[in-house]
Amino acid sequence: MSLSRLIILALLAYLLYRLIFAPPKAAEHDKAADRSHDVLVEDPVCHTYVPEGQAVTLQHQGASLHFCSKKCRDEFVRGQKNN
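Per the numbering used here, the sequence shown starts with residue 216, numbered consecutively.
Dropping the structure here:
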């Protein structure tokens with residue numbers, strides 16, 4: 216058997232091994248699905264939409280308000296004190 220045939224057979228055997236024993240990629244799809252179900256909420260100060268899980272939350276008059284950052288939350292609180 217020539218060297219080139221041996222190399223080709225070894226390569227094919229390796230590829231077949233990888234196909235059979237490769238770990239399932241379902242975990243990657245599950246993470247993507249989790250991220251896609253994260254609800255976007257609007258920041259009342261700058262009107263930016265952020266994922267609810269990453270938003271800075273403030274309870275105000277019985278409602279949950281969501282902000283993109285602490286800076287926007289603090290600006291909102293200052294505005295409420297001035298009114």
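Don't be surprised by glycine CBs; every beta carbon is placed ideally from N, CA and C.
query	result
Three-way DSSP call (helix, strand, coil) for Q295 in this model	helix
Supposed close pair V271, R288 - CB separation, criterion 8 Å	5 Å
Simplified DSSP assignment, three categories, for Q274	strand
Reduced DSSP secondary structure (H/G/I, E/B, other) of S279	strand
N-terminal and C-terminal residue of the beta strand (DSSP E) that P266 is part of	Y264 to P266
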